[in-house]
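Only one structure is covered here, and it is reproduced in the block below.
In UniProt numbering, the protein residues as written are 1 to 199.
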């Protein structure tokens, strides 16, 4: 496999095979609410460094279970003999009422934990990039997830491609402008052609 395929092919195979019931996917140990609560607490505790998540594909695995709704009819061993069925994760955090109700109904993951962790990490990554000198040779971010590399790629791409006059003077990235820059077209024909090629 090519380098890029090694990142998504295993997840894709797991999704396809599990959707046809050809394979059984084991529930990760960190899918319990207490473990997610601990991960979230550790992530928010340190405001500068990213917490080391249980898997380098943490968010991909979470969303694989969410998208395929594999939790909908699953009854884990811990709930055998009980009448309550396993509640599958919600990708987007629901209302506080729904959040609290699912917390009491299920011993597993409730809405909001995955998105809260992801949001906290995104803010840390952006702060880290804003403090870096973009002219340096290496930018090192410990414990970065595969799914989070797009933030680095997008910010640096926008900085170097769309404001060449500022590149020589500035050493940092202003995310409020550079993240929107790829979607702003100038009147020049050359710029329009470049944007079309990018799309």
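Each residue gets a CB set at the ideal place from its N, CA and C atoms; glycine is no exception.
Remember, it's a predicted structure, so these values are computed and weren't measured experimentally.
So, using beta-carbon positions, are residue 141 and residue 150 closer together than 8 Å? Translated into the one-based positions of the chain shown, residue 141 becomes position 141. Translated into the one-based positions of the chain shown, residue 150 becomes position 150. Taking 8 Å as the Cβ cut-off, residue 141 and residue 150 do not qualify as a contacting pair.
Residue 37 to residue 147, Cα distance in whole Å? For the purposes of this step, residue 37 is identified with residue 37 of the chain shown, where counting begins at 1. For the purposes of this step, residue 147 is identified with residue 147 of the chain shown, where counting begins at 1. Rounded to whole angstroms, residue 37 to residue 147 spans 21 Å at the Cα level.
Rank 120, 62, 64 by C-alpha distance to the C-alpha of residue 47 and give the top, closest one. For the purposes of this step, residue 47 is taken as the residue at position 47 of the chain shown. Ranking 120, 62, 64 by Cα distance to residue 47 puts 120 first.
Return the Cβ separation of residue 53 and residue 33 in integer angstroms, given the expectation that the two are a contact with Cβ distance under 8 Å. As a working mapping, residue 53 is identified with position 53 in the chain shown. As a working mapping, residue 33 is identified with position 33 in the chain shown. Not really, about 16 Å apart at Cβ, beyond 8 Å.
Alpha carbon of residue 55 to alpha carbon of residue 61, nearest angstrom: Within the chain shown, residue 55 is the residue found at index 55, counting from 1. Within the chain shown, residue 61 is the residue found at index 61, counting from 1. For residue 55 and residue 61, the distance between alpha carbons rounds to 9 Å.
Output the distance between the C-alpha atoms of residue 123 and residue 115, rounded to the nearest integer angstrom. Here residue 123 corresponds to residue number 123 of the chain shown, with the count starting at 1. Here residue 115 corresponds to residue number 115 of the chain shown, with the count starting at 1. Approximately 12 Å, taken between the alpha carbons.
Candidates 64, 117, 15, 112: which alpha carbon is nearest residue 45's? Indexing the chain shown from 1 puts residue 45 at position 45. Among 64, 117, 15, 112, the Cα nearest to that of residue 45 is on 117.
Where does residue 57 fall in DSSP's three states? By 1-based counting over the chain shown, the position of residue 57 is 57. If DSSP states are grouped into helix, strand and coil, residue 57 belongs with coil.
I'd like to know whether the C-beta atoms of residue 50 and residue 154 end up nearer to each other than 8 Å. Within the chain shown, the letter at position 50 stands for residue 50. Within the chain shown, the letter at position 154 stands for residue 154. Going by C-beta atoms, residue 50 is not nearer than 8 Å to residue 154.
Count the other CB atoms within 10 Å of the CB of residue 59; is the residue buried (16 or more) or exposed (fewer)? Here the question's residue 59 lines up with position 59 in the chain shown. With 16 or more Cβ atoms within 10 Å of its Cβ, residue 59 is classed as buried.
Going straight from the alpha carbon of residue 138 to that of residue 126, what length do you get? By one-based count along the chain shown, residue 138 stands at place 138. By one-based count along the chain shown, residue 126 stands at place 126. Cα to Cα, the separation comes out at about 16 Å.
Tell me the rounded alpha-carbon separation between residue 35 and residue 43. Along the chain shown, one-based indexing puts residue 35 at 35. Along the chain shown, one-based indexing puts residue 43 at 43. Approximately 12 Å, taken between the alpha carbons.
So the candidates are 21, 17, 57; which of them puts its Cα closest to the Cα of residue 30? In the chain shown, residue 30 corresponds to position 30, counting from 1. Out of 21, 17, 57, 57 has the C-alpha closest to the C-alpha of residue 30.
May I have the straight-line CA-CA distance separating residue 130 from residue 152, to the nearest angstrom? Start at 1 with the first residue of the chain shown, and residue 130 comes out as number 130. Start at 1 with the first residue of the chain shown, and residue 152 comes out as number 152. Looking at the two C-alpha atoms, the distance is approximately 11 Å.
Cα separation between residue 18 and residue 156? Within the chain shown, numbered from 1, the residue matching residue 18 stands at position 18. Within the chain shown, numbered from 1, the residue matching residue 156 stands at position 156. So the two alpha carbons sit approximately 37 Å from each other.
Limits of the alpha helix (DSSP H) - the one that residue 148 falls within: Mapped onto the chain shown, residue 148 falls at position 148. It is not in any alpha helix (DSSP H) - residue 148 carries neither H nor E in the DSSP assignment.
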